[in-house]
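In the order they appear, the protein sequences are chains U and V. Take 856 as the starting number for the first sequence in the working numbering and just add one per residue. Take 9 as the starting number for the second sequence in the working numbering and just add one per residue. All residues carry an ideal CB built from backbone N, CA and C; glycine is no exception. One structure is given below, encoded as structure tokens.
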Amino acid sequence: MIKYILRRFKLKILVVDDSKVARKYILRSIASIGIEAEFREAENGQEALSAYKEERADVVFLDLTMPIMDGYEALREIIAYDKDAQVIVVSADVQSEAKLRVLKDGAKNMYPKPISDEKMRTIFAEDIV
Amino acid sequence: MSFAFNEDQLDILREVMNISLGETTANIAQLLGAFGTMHIPEVDIISSKDLQAFIGRDLSPKEDYHVTKQLFSGHFGGEVIFIISKESSLNLAKNMFQAPTTTEDEINDSVMELTNIVTSTIVSRLAAELDVTVQFFAPTSAIMKCVEIVDEEVLSYSTVIVLKTIVDFQDENIVGNIFVLTKDEAIQKLKDLLDKKLEELFA
Chain U
856 MIKYILRRFK
866 LKILVVDDSK
876 VARKYILRSI
886 ASIGIEAEFR
896 EAENGQEALS
906 AYKEERADVV
916 FLDLTMPIMD
926 GYEALREIIA
936 YDKDAQVIVV
946 SADVQSEAKL
956 RVLKDGAKNM
966 YPKPISDEKM
976 RTIFAEDIV
Chain V
9 MSFAFNEDQL
19 DILREVMNIS
29 LGETTANIAQ
39 LLGAFGTMHI
49 PEVDIISSKD
59 LQAFIGRDLS
69 PKEDYHVTKQ
79 LFSGHFGGEV
89 IFIISKESSL
99 NLAKNMFQAP
109 TTTEDEINDS
119 VMELTNIVTS
129 TIVSRLAAEL
139 DVTVQFFAPT
149 SAIMKCVEIV
159 DEEVLSYSTV
169 IVLKTIVDFQ
179 DENIVGNIFV
189 LTKDEAIQKL
199 KDLLDKKLEE
209 LFA
């Protein structure tokens, strides 16, 4: 029910990736499953942290391998600022060690790139509250 | 130190690389929304001194190429070089941005993202199969002629794991050349890990 009510409002979603096409891919996938959202984008962890502090996002999609500040550090900083932040890590790194590390640091879940529409549905149905 | 791998080590390395490339192909196919067919990859170990001659066999000396490099470190470290022709990169960008024309920035962005997915999937799958961990750094990209690819920095590596494959995506050919550069210490670690994997398999 809570999830249903949340879907009635526009979610604030922050998409963090140094690749424009990777951000576009996530935006497209979210839109294609019918989620209404206000999107903001950041190209690295530092920009993401500033954007999050400026205005909290309901969901953050975060890449790991980025210049200036990588996703691991950005995740720690965002969670330190807001322990309830909902961060979904999206990375081409498929090592279980990487997933364990981000889950330990407070990410809701981690998925391999690229995220299919089906997987995006799962994220909004199961990972995000 | 010899960089030579014995037949068993090469066999298991080829098998792991096949699995990695299969996963990479599936990921790229999903990204491009097109069914991908991967040709059987050529996996070889060569000295970095022989890399220029190896590259010269397939690449045109007159053509420009997008050359992207990505460093990784950890239980074994090195650098991956991914080479894609300008024509392939243009097709790639048009597909990824779903636009009839694209800017140089968009082409560069598409190549970098493709490289990130290709190299991270291959190396992290290799690491997972060998039960070790590696960390990745952000890739860098440049346009250059094939004779400019092997520079002093590349020659500072001793050994190159060559992964050559052609991935067809319906109407468009994306031909990628992948080279994993490693140093003596890393190659010895890789050999040890492959031996350990062989022992586990045949125990």
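In chain V, which residues lie with their C-beta within 8 angstroms of the C-beta of residue i?
i: Gln950(U); result: Ser132, Ala135, Ala136, Thr141, Val142
If we ignore side chains and look at the alpha-carbon of each, how far apart do residue i and residue j end up?
i: Pro108(V); j: Leu39(V); result: 17 angstroms
i: Thr123(V); j: Ser946(U); result: 13 angstroms
i: Tyr936(U); j: Ser905(U); result: 11 angstroms
i: Asn964(U); j: Thr127(V); result: 22 angstroms
i: Ala897(U); j: Leu209(V); result: 45 angstroms
i: Pro49(V); j: Val170(V); result: 9 angstroms
i: Asp948(U); j: Thr32(V); result: 11 angstroms
i: Asp200(V); j: Ser951(U); result: 21 angstroms
i: Phe80(V); j: Ile983(U); result: 32 angstroms
Return helix, strand or coil for residue i, following the three-state DSSP convention.
i: Gly82(V); result: strand
i: Phe145(V); result: coil
i: Lys191(V); result: coil
i: Met856(U); result: At Met856(U) the pLDDT is 47, less than 50, meaning the model places this residue with poor confidence; the figure from the coordinates comes in the next sentence. Three-state DSSP puts Met856(U) in coil, outside helix and strand.
i: Ser132(V); result: helix
i: Ala962(U); result: coil
i: Lys938(U); result: coil
i: Val6(V); result: A query on residue 6(V) cannot be resolved here, the shown segment of chain V reaching from 9 to 211 and no further.
i: Ser166(V); result: coil
i: Lys70(V); result: coil
i: Asp873(U); result: coil
i: Lys77(V); result: strand
i: Ala980(U); result: helix
Cutting at 7 angstroms between CB atoms, please list the residues of its own chain near residue i, excluding the five before and the five after it.
i: Thr141(V); result: Gly82, His83, Ala135
i: Ala150(V); result: Val75
Closer than 7 angstroms by beta-carbon distance: list the chain V residues that pair up with residue i, in chain order.
i: Ala947(U); result: Asn124, Ile125, Ser128, Thr129
For residue i, I'd like the list of residues in its chain whose CB is within less than 6 angstroms of its CB, leaving aside the five on either flank, ordered along the chain.
i: Val915(U); result: Leu869, Val942
i: Leu59(V); result: Val158, Val168
i: Glu137(V); result: Val24
i: Val125(V); result: The amino acid at residue 125(V) is misidentified as Val; the sequence shows Ile. Once the five neighbours on either side are set aside, the close Cβ partners of Ile125(V) are Asn35.
What in chain U is Cβ-close to residue i, meaning under 8 angstroms?
i: Asn35(V); result: Ala947, Pro967, Lys968, Pro969
For the putative contact between residue i and residue j, defined by C-beta atoms under 8 angstroms, what is the C-beta separation to the nearest angstrom?
i: Asp960(U); j: Leu930(U); result: 5 angstroms
i: Ala101(V); j: Ile115(V); result: 4 angstroms
i: Ser28(V); j: Ile91(V); result: Rounded, the Cβ-Cβ distance is 18 angstroms, inconsistent with contact.
Strictly below 7 angstroms CB to CB, what residues from chain U border residue i?
i: Ser118(V); result: Val876
Give every residue of the same chain whose Cβ lies closer than 8 angstroms to the Cβ of residue i, excluding the five residues on either side of it in the sequence, and list them in chain order.
i: Glu893(U); result: Lys865, Leu866, Lys867, Ile868
What in chain U is Cβ-close to residue i, meaning under 9 angstroms?
i: Phe145(V); result: Thr920, Pro922, Asp925
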